[in-house]
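Asker: Per our numbering: the sequence shown = residues 10 to 598. Glycine included, C-beta positions come from ideal geometry on N, C-alpha and C.
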Amino acid sequence: MTTAPLLSVEQVSKSFAGNQVLKEVSFTVEPGEVLALVGENGAGKSTVLSLVTGLLAPDSGRVVHDGAPVPRTWSPHHARAAGIGSVHQELSLNPHQSVAENVFLGAWPSRRGLVRARDLTARARPLLERVGLDVDPRTPAGRLPLGRQQLVELAKALAGEPRLLILDEATSALDEDQVGAVFRVVRDLRDRGGSAIFVSHRMAELFAISDRLTVLKDGAVTATRERERTDHDAVVRLMIGRELSDLFPSKAKTKERVKVKAANTANAVDAVNVVDAAHAMNGDQASAPAPEPRVRVRGLTVPRACSDVDLDLVPGRILGLGGLQGQGQREVLRALFGLARHTGQVTFDERPVRVTSPREAIRHRIAYVPEDRKTEGVHTARSVRDNLALPSLRVLAPARRLTTVSRAAEAGLVGELIDRLRVKAASPAQEVRRLSGGNQQKVALAKWLPTGPLVLLLAEPTRGIDIGTKREIYHLLRRLADDGLAVLITSGDTMELVGLCDEVAVLYEGRVVDRLTGPDLTEERLVRASVLGTSAGVAETADVADTAGAAGSLDTADVAGAAGSPDTAGAAGAAGATVNPDGPSVAHA
Numbered sequence: 010m011t012t013a014p015l016l017s018v019e020q021v022s023k024s025f026a027g028n029q030v031l032k033e034v035s036f037t038v039e040p041g042e043v044l045a046l047v048g049e050n051g052a053g054k055s056t057v058l059s060l061v062t063g064l065l066a067p068d069s070g071r072v073v074h075d076g077a078p079v080p081r082t083w084s085p086h087h088a089r090a091a092g093i094g095s096v097h098q099e100l101s102l103n104p105h106q107s108v109a110e111n112v113f114l115g116a117w118p119s120r121r122g123l124v125r126a127r128d129l130t131a132r133a134r135p136l137l138e139r140v141g142l143d144v145d146p147r148t149p150a151g152r153l154p155l156g157r158q159q160l161v162e163l164a165k166a167l168a169g170e171p172r173l174l175i176l177d178e179a180t181s182a183l184d185e186d187q188v189g190a191v192f193r194v195v196r197d198l199r200d201r202g203g204s205a206i207f208v209s210h211r212m213a214e215l216f217a218i219s220d221r222l223t224v225l226k227d228g229a230v231t232a233t234r235e236r237e238r239t240d241h242d243a244v245v246r247l248m249i250g251r252e253l254s255d256l257f258p259s260k261a262k263t264k265e266r267v268k269v270k271a272a273n274t275a276n277a278v279d280a281v282n283v284v285d286a287a288h289a290m291n292g293d294q295a296s297a298p299a300p301e302p303r304v305r306v307r308g309l310t311v312p313r314a315c316s317d318v319d320l321d322l323v324p325g326r327i328l329g330l331g332g333l334q335g336q337g338q339r340e341v342l343r344a345l346f347g348l349a350r351h352t353g354q355v356t357f358d359e360r361p362v363r364v365t366s367p368r369e370a371i372r373h374r375i376a377y378v379p380e381d382r383k384t385e386g387v388h389t390a391r392s393v394r395d396n397l398a399l400p401s402l403r404v405l406a407p408a409r410r411l412t413t414v415s416r417a418a419e420a421g422l423v424g425e426l427i428d429r430l431r432v433k434a435a436s437p438a439q440e441v442r443r444l445s446g447g448n449q450q451k452v453a454l455a456k457w458l459p460t461g462p463l464v465l466l467l468a469e470p471t472r473g474i475d476i477g478t479k480r481e482i483y484h485l486l487r488r489l490a491d492d493g494l495a496v497l498i499t500s501g502d503t504m505e506l507v508g509l510c511d512e513v514a515v516l517y518e519g520r521v522v523d524r525l526t527g528p529d530l531t532e533e534r535l536v537r538a539s540v541l542g543t544s545a546g547v548a549e550t551a552d553v554a555d556t557a558g559a560a561g562s563l564d565t566a567d568v569a570g571a572a573g574s575p576d577t578a579g580a581a582g583a584a585g586a587t588v589n590p591d592g593p594s595v596a597h598a
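1. Give the list of continuous alpha helix (DSSP H) stretches no shorter than 4 residues that lie fully inside the segment 156-217.
2. Given a cut-off of 8 Å on the beta-carbon distance, is the pair LEU163 and ALA150 in contact?
3. With a threshold of 16 other CB atoms inside 10 Å of the CB of VAL18, please say whether the residue is buried or exposed.
4. Given that a residue counts as buried once 16 or more other Cβ atoms are within 10 Å of its Cβ, and exposed if not, what is THR526?
5. With distances taken Cα to Cα, identify the nearest neighbour of VAL245 among VAL47, GLU505 and ASP227.
6. For the alpha helix (DSSP H) holding VAL404, just list the boundary residues, first then last.
7. Per DSSP, THR499 is paired with what?
8. Once you ignore the five residues that flank LEU176 on each side, which residues in its own chain have a CB closer than 6 Å to its CB?
9. In whole angstroms, give me the CA-to-CA distance for LEU142 and LEU173.
10. Could you tell me the distance, in whole angstroms, from the CA atom of GLU99 to the CA atom of VAL362?
11. Just verifying my parser: in three-state terms, what is the DSSP assignment at LEU506?
12. Looking only at C-alpha atoms, which of PHE25, LEU535, VAL364 and VAL522 sits nearest to GLU505?
13. List the DSSP bridge partners of PRO78.
14. For ALA314, name the three-state secondary structure that DSSP assigns.
15. Can you tell which of SER316, THR62, GLY386 and SER219 has its C-alpha closest to the C-alpha of ARG193?
16. Could you tell me the alpha carbon to alpha carbon distance between ASP395 and GLN450, rounded to whole angstroms?
17. Figure out for me which residue from THR223, GLY76, ILE93 and ARG127 has the closest Cα to the Cα of SER107.
18. What does DSSP give as the partner residue(s) for HIS97 in the beta ladder?
19. Quick check on GLY322: does DSSP put it in helix, strand or coil?
20. Among all the DSSP beta bridges, which residues are the ones paired with VAL23?
21. Going by beta carbon distance, what residues of the same chain come within less than 6 Å of LEU426, once the five residues before and after it are set aside?
22. Where DSSP assigns a beta bridge to THR352, which residues make up the other side?
23. Quick one: Cα of ALA314 to Cα of GLU49, how far?
24. Measure the alpha-carbon distance for VAL540 versus VAL161 and round it to whole angstroms.
25. Since CYS510 contacts GLY228 with CB under 8 Å, what's their CB separation in whole angstroms?
26. Can you give me the C-alpha to C-alpha distance between ARG382 and PRO462, rounded to a whole angstrom?
27. Using the beta-carbon count (16 or more within 10 Å), is ALA13 buried or exposed?
28. Helix, strand or coil, according to DSSP, for PRO149 in the structure here?
29. List the residues that DSSP assigns as beta-bridge partners of SER392.
30. Since LYS226 sits in a beta bridge, which residues does DSSP pair it with?
31. Might you give, ordered along the chain, the residues of its own chain that have their beta carbon closer than 6 Å to the beta carbon of SER366, omitting 5 neighbours on each side?
32. Taking only three categories from DSSP, how would you classify ALA435?
In structure tokens form, the structure reads like this:
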């Protein structure tokens, strides 16, 4: 006798504003199975899961759960009551309520209509232990680091005793131990006959936890494969429709000093005019002295985060900040953008500068793309057009009148940026929150380009982004560096740092303990320095196997404290030097 699927998605289609995002999608989830849903950003993964959880209704086709078609009135409440739990990349916690209150949010246990805090705390403890969280249930959820908040979300989903657990990029902000805790929960559910749908852009995670993989491309299912009968390369080909042989661009080595003329030009797109830049592609040695640093950082100290950090940001080069999570990388970038109080000396083109606010940073033509794009990088409730145009209001406003913007100039600027970064949007009027994570990140980066930045700071630039979009961003960053920008990135992905950067400074307990470049810039040496806190040349007798295991924690790094900071308006507003962060009233001419 054949067991019926726990979930069947049958010929489901869905469109938004005339843009079809799902095209007759079909797949099943069997009892006791973990299905990985795989695809690039914008492939339709989150949309189809929204149909399953009741956030959306299909235009055609149907969803069958436990043998019965779900009704048109299917809602998240109905899904939870039917035994479907879900955890998404975006947090849904109330930061001001306790962990226990969040775990049972909307379903607080009560006696005769009264909720007893003691009962709430007692019932939350075993759920928190199940997800590997050793925290006081009475702690306000907002005080926890991002990764721990994500585990509270998982405990919240488990409180409903689900038979089907949906994890939509739920591990993107977790470290290695936290991912292990999630996997234990999923395997325990599977062993008890339950099922899970797992979405992640980390191929290693997909292959570690799934039984089958269903691949989506452009809103349609391209294939379903047994995990044991496929491999990483085959899945990538199904995702993007081609071989991905050049994930990272060639590193250009400067042969002549790059001369940058910081011209104040009316055409902001061409504000950075780079001359006499000659690169030897794939060359390992430069035949002329390296260009002078655009920015010199000496003795940078952020209280309780980093100490005595020295960095040189050089035009034409990409510098990476490596190390385990929470070693001060994020705070270095925030200090350079005026978002964190700091001491030390910063010089810009050999002139001492004091960057105490985003306004000052923008005046010095420093751009910043934060790691938490949804709360700091873009205005998700505003359109793609507004997000891209906001930092450039002084250029778009005739005679510098910020109350009036040239519609023609704005349309031209926005259209050029959408084309240049290949932003997939139904139209410039589409709200950014409706875009995939990868396209939101493109908007967060693209908005700065018309301002003519000379220095570009990026925190975790490809976190939660599919491999095809990663490639696009890697190649864009290299082109920007080749055009004379000085680029500084933080990343928890060792392969990303090694493949993209010209040099990596490794932080350990807030201090730079090693600098890797050229043949010394390898994943093994980076992991050694990150874990041991010593120069890569030290402790050569250390057991490589012991340190190699730590690479996973780099790949899944969660730079703590991403959201909720009171001083993020400057970064989110993007044009804090010229406009109200709440957004100006703009009339189009």
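Answerer: The structure says:
1. Qualifying alpha helix (DSSP H) stretches, in chain order: 185-200.
2. No, they are not a contact pair.
3. By the 10 Å Cβ count, VAL18 comes out buried.
4. By the neighbour-count criterion, in which 16 or more other beta carbons inside 10 Å mark a residue as buried, THR526 falls on the exposed side.
5. Closest by alpha carbon: VAL47.
6. Segment 402-405, the alpha helix (DSSP H) holding VAL404.
7. Beta-bridge partners assigned by DSSP to THR499: LEU330 and ALA468.
8. Excluding positions up to five away in sequence, the list reads VAL96 and PHE207.
9. Distance between the alpha carbons of LEU142 and LEU173 is about 22 Å.
10. Counting only the Cα atoms, VAL362 lies some 37 Å from GLU99.
11. In the structure shown, the three-state DSSP call for LEU506 is helix.
12. Residue LEU535 is the option with its Cα nearest to GLU505.
13. VAL73, per the DSSP bridge assignment.
14. Coil, per DSSP.
15. Checked all of SER316, THR62, GLY386 and SER219; the closest Cα to ARG193 is SER219.
16. Cα to Cα, ASP395 sits roughly 15 Å from GLN450.
17. Nearest C-alpha to SER107: ARG127.
18. Per DSSP, ASP177.
19. Per the sequence presented here, residue 322 reads as Leu, with Gly not at that position. DSSP places LEU322 in the strand class (E or B) of the three-state scheme.
20. Residue identity check: residue 23 is Lys in the sequence provided, not Val. Per DSSP, LEU31.
21. If we look at LEU426 and ignore the five residues flanking it on each side, its Cβ neighbours are LEU397 and ALA455.
22. The beta-bridge partner set that DSSP reports for THR352 consists of THR310.
23. Whole-angstrom Cα-Cα distance: 35 Å.
24. Going from the Cα of VAL540 to the Cα of VAL161 covers about 28 Å.
25. Contact between CYS510 and GLY228 is ruled out by a C-beta separation of about 35 Å, above the 8 Å threshold.
26. Taking the straight line joining both Cα atoms gives about 19 Å.
27. ALA13 is exposed by the Cβ-count criterion.
28. DSSP, reduced to helix, strand and coil, places PRO149 within a strand of the structure shown.
29. Partner(s): GLU440.
30. Paired residues: ALA229.
31. Around SER366, the same chain offers GLY347 as residues with beta carbons nearer than 6 Å, after the five sequence neighbours per side are excluded.
32. Correct three-state label for ALA435: coil.
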